[in-house]
Amino acid sequence: MRNSANEDYSKTVAEWASAPERCHNSPRLDKFESADMATTHFDQLIIRLGYPYLYCHQGNCEHLIMFTDVAMLHPDDCQDANSYPLLVFQARARRRVCGICAIYTATWVTRHDELAAEDPAFYCDSCFKMLHYSEDGSKLCNFKAYPYYDHIELPTGTQSL
């Protein structure tokens, strides 16, 4: 782990997969391995083409990865190792809108929000304040709130936080 305070999410998946009732029905489930991302290279991975892999970090940020092709390096290919792996598809990014009005860009994200139907939940500034605070400014329920910066809305050249 890069940071000793980080949680190893693969342990939970491996424990679930290694339960005797799962291994008996699906013998391949007990073959999970984890490795340090900072020191593992693609040439050390054993992959199946067309098989979906899940990369999970920060607890709930999930990325689906699928390897669709493998080829030997050809003289006509880019010889710069830093250019690989090649990105061949990236889903079109969409602006995150407020979960209440569905009009304005979200500027707040809440976790463990008693008033939200989803966790995390996203709100524009006015809907966030109207839903979560009384007129005198006191909180109406328990929740954790964080400013949300939609990278689609940031000016070109601005890095997200």
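With numbering that gives the first Met the number 0 applied, the sequence shown has no gaps in its numbers, which climb one by one up to 160 at the end. Beta carbons are placed, not taken as given, at the ideal position from N, Cα and C, and that holds for glycine.
Query                                                                                                                                                  : Result
How long is the line joining the alpha carbons of Gly-98 and Ser-17, rounded to whole angstroms?                                                       : 38 Å
Within its chain, find whatever has a CB closer than 6 Å to the CB of Asn-141; leave out the 5 residues flanking it on each side and keep chain order. : Glu-113
Under a Cβ-count criterion, where at least 16 other Cβ atoms within 10 Å of its own Cβ denotes burial, should Leu-130 be classed as buried or exposed? : buried
Check Ala-16 in the structure and name its three-state DSSP category.                                                                                  : helix
What is the C-beta distance between Leu-168 and Tyr-132, in whole angstroms, given that I count them as a contact (C-beta under 8 Å)?                  : Residue 168 falls outside the range modelled here, since the chain spans only 0 to 160, and no answer is possible.
Inspect the beta-carbon positions of Leu-85 and Phe-66 and report whether they are closer than 7 Å.                                                    : no
Threshold first: 4 residues or longer. Then list the alpha helix (DSSP H) segments lying entirely within the stretch 53-133, N to C.                   : 124-131
In angstroms, rounded to a whole number, what distance separates the CA positions of Pro-74 and Ala-80?                                                : 13 Å
List the whole-angstrom C-beta distance separating Cys-123 from Thr-106, where the pair is believed to meet the contact cut-off of C-beta under 8 Å.   : 6 Å
Assign Cys-126 to one of two classes, buried (16 or more other C-beta atoms within 10 Å of its C-beta) or exposed (fewer than that).                   : buried
Going straight from the alpha carbon of Asn-2 to that of Ile-102, what length do you get?                                                              : 39 Å
Can you tell me whether Cys-100 is buried or exposed? The criterion is at least 16 other CB atoms within 10 Å of its CB, across all chains shown.      : exposed
Taking 7 Å as the cut-off, decide whether the C-beta atoms of Ile-64 and Tyr-50 are in contact.                                                        : no
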